[in-house]
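Numbering (the working numbering), first residue to last: 1 to 446. Positions of the beta carbon are idealized from the N, C-alpha and C atoms, including for glycine. As structure tokens, the structure follows; a few thoughts come after it.
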Amino acid sequence: MQNMILNLYIVGILIVGIVSFRRIRGSEDFFVAGRKAGTLEVTGSLLATILGSSAILGSVNFAFGNGWAGAWFMLCASLGLTILYPLVGHLKRFKGYNLPGLMETFYGKEVKILASVIIPIAWTGIVASQIMGASKIIGVYTGLSYTHGIWISGLVFIAYTALGGQLSILKTDFLQFILILLGVVACFFYTSANFEITSSAPIINDSFGYGDLIIMVLTYSTTFFVGPDIYSRVFCARNEETAKRSILLSIGVLLPLAFILAALGVYAANIFPDLNIGEKSALMHLATDVLPRPLTVVLYFGLLSAVISSADTTLLTAASTFTQIFTGDLKERKAITVTRVFIVIFGLLSILIALKLQFILASFFLALAIYSGAFIIPCLLGIFGYRAHKSYVIAAIVVGGATALYGKLLGGGNANYYIILAFILNSAILSIPIVKRGSFKFKKPA
């Protein structure tokens, strides 16, 4: 029965991809859904993109080991969206399709090419983290091995995204978000009604201090006001007002959800104090050992929806940005074909990473560290009108990204200092032209 339900779910997703494939009339449909998305579509897509396996399973696992500090994942996401809100007007005036294209308008073609190389590499790690999450969910639900789950989920992601692009993503994201919300909220109410929290660490504690919070803001919150996936949602909105309403609605959902996810982790820690979350996620353990079967099924498919809705957006972002290196402009018809080829390539690379690296948050935060250290400051300054010669911007991107990557690979307590150093070096390099000129070179955004 479990396999049959899973198969029907997968077939339904692929049918949406096929229907969307037939409705694509040009590059604008494939990459930004024709810029016609309404408030519910954009809100659902924003939330479904944010609430991937790394966010949901990661938040619960983090709360399992660190108490109420697990709420910071979604709180930091809300902070990032809050900062994004006043930037929407600048972004909606941009008529391109993605963040590297935006960088080209600020600093030139060479910067766009560099962004189109680095972002797909980093985002492949995020896609891999979603595939890992999907495999764990499929394994618990059906009993299939981790390897089989990786291949099933990975190939479905690839086919679904390649067929319909942004059209298929937006069509299903709102429904997937509803499934996510139903599953998580049902699990929370059942758990809270049947168990008590006897002990838990506060939201700031010995294992997660203010320094850790600063790093999370730098590497996580920033990707919500300067992020390829989030910007792609904004570009799909039919107008500025639609995008702004969607952001406010998303914040309104994420704030309570932050504490719901943290509560689930705290409950799991109280119920299963000896659980090894490296082998089985805390939320999956609650599902199999605590929830009644009907709620378990709802939660499973909610989580699977979370993974799919986040992975497809991330995979399309990685492939479309890399395509620009070869086509120059995504508005050309051939860009769709080239992007589909790279969706397959990056999807397969993500599968291989997922097979080798089985720790969701490790893959997720490694990718975010590279991106944040490289692009947050140059892109944000560009939005506000800062202009500099491409050589300074390229140097800032390379030095910042490499420093953050080195810190994450180094690991240990010093890793956080390297991420802070990445932002400092990035800012210092970009400040050189200002020092030389003696003033800030400002150009009103187009």
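Sorted by chain position, which residues of the same chain lie with C-beta nearer than 7 Å to residue i's C-beta, five sequence neighbours on each side aside?
i: Tyr392; result: Ile429, Leu430, Ile432 and Pro433
i: Leu47; result: Phe177, Ser250 and Val253
i: Ser350; result: Thr124, Val127, Ala128, Ile131 and Gly154
i: Gly401; result: Ile118, Ile370, Gly373 and Ala374
i: Ile215; result: Asn416 and Ile419
Residue i: which of the options sits nearest, CA to CA?
i: Ile271; options: Gly227, His285, Ala262 and Gly58; result: His285
i: Thr105; options: Val399, Lys390 and Ser427; result: Lys390
i: Leu315; options: Phe73, Ala159, Leu179 and Val127; result: Val127
i: Gly373; options: Thr223, Val88, Val117 and Cys187; result: Thr223
i: Leu170; options: Gly302, Val42, Asn416 and Ile343; result: Val42
i: Ser232; options: Leu6, Asp29, Tyr9 and Tyr267; result: Asp29
i: Ala269; options: Gly164, Ile56, Asn66 and Val16; result: Asn66
i: Ile336; options: Thr198, Val32, Phe188 and Ala369; result: Val32
i: Val307; options: Ala319, Pro294, Thr172 and Lys244; result: Thr172
i: Pro292; options: Leu355, Ser281, Leu425 and Phe188; result: Phe188
i: Thr219; options: Leu79, Gly96 and Ala243; result: Leu79
i: Gly149; options: Thr313, Ile277, Leu355 and Pro228; result: Leu355
i: Gly227; options: Leu421, Ile345 and Thr313; result: Thr313
i: Val11; options: Val156, Lys408, Leu421 and Ser246; result: Val156
i: Gly209; options: Glu196, Trp68, Leu381 and Gly411; result: Trp68
i: Leu248; options: Ala395, Leu81, Ser320 and Leu352; result: Leu81
DSSP puts residue i in a beta bridge; with which residues?
i: Tyr231; result: Paired residues: none, contrary to the question.
i: Ala37; result: Ala237
Could you pull out every residue in the same chain whose Cβ sits closer than 6 Å to the Cβ of residue i, ignoring the five residues on either side in sequence?
i: Leu75; result: Ala258
i: Ser310; result: Thr49, Gly52 and Gln130
i: Ser305; result: Gln176, Leu179 and Ile180
i: Ala115; result: Pro100 and Met103
i: Gly17; result: Tyr160, Leu163, Gly164 and Ser168
i: Tyr97; result: Phe31, Val32 and Leu330
i: Ser45; result: Leu170, Asp173 and Arg233
i: Ala243; result: Val88, Val234 and Ala237
i: Ile15; result: none
So what does DSSP say about residue i, is it helix, strand or coil?
i: Thr161; result: helix
i: Phe31; result: helix
i: Asp206; result: coil
i: Lys95; result: coil
i: Arg22; result: helix
i: Ala63; result: helix
i: Ile197; result: coil
i: Leu261; result: helix
i: Gly143; result: coil
i: Pro86; result: helix
i: Phe346; result: helix
i: Leu51; result: coil
i: Arg333; result: coil
i: Gly58; result: helix
i: Ile434; result: helix
i: Thr274; result: One point to set straight first is that residue 274 is Asp, not Thr, in the sequence displayed. Coil.
i: Asn414; result: coil
i: Ser310; result: helix
i: Leu291; result: coil
i: Gly108; result: coil
i: Gly252; result: helix
i: Gly460; result: Any property of residue 460 remains undetermined from this structure, which presents the chain solely from 1 to 446.
i: Val226; result: coil
i: Ser281; result: coil
Apart from the five residues on each side of it in sequence, which residues of its chain come closer than 8 Å, Cβ to Cβ, to residue i?
i: Ala71; result: Ser59, Ala63, Ile203, Ala258, Phe259, Leu261 and Ala262
i: Ala367; result: Ala122, Trp123, Thr124, Gly125, Ile126 and Ser129
i: Leu144; result: Ile138 and Ile152
i: Val456; result: The shown model of the chain, from 1 to 446, leaves out residue 456, and the question about it has no answer.
i: Ser192; result: Ala263 and Tyr267
i: Ile397; result: Val111, Leu114, Ala115, Ile118, Ala374, Phe375, Pro378 and Asn426
i: Ser200; result: Gly67, Trp68, Val266, Ala269 and Asn270
i: Thr296; result: Ala287 and Thr288
i: Val217; result: Cys76 and Leu79
i: Tyr190; result: Val290, Leu291, Pro292 and Leu295
Verify the CB distance criterion: does residue i have a CB-CB separation below 8 Å to chain C?
i: Ala404; result: Structure shown: chain C not included; a single protein chain is present.
Are the stretch 329-345 and the stretch 130-144 touching by the rule of at least three beta carbon pairs closer than 8 Å?
no
Do the stretch 318-326 and the stretch 199-217 touch if we need at least three Cβ pairs shorter than 8 Å?
no
Does the stretch 11-23 come close enough to the stretch 177-197 to have 3 or more Cβ pairs within less than 8 Å?
no
When you compare the stretch 25-40 with the stretch 229-248, are there three or more beta-carbon pairs, one atom per stretch, that lie closer than 8 Å?
yes
Stretch-stretch touch, CB-based, cutoff 8 Å, three pairs: the stretch 182-191 with the stretch 149-161:
no
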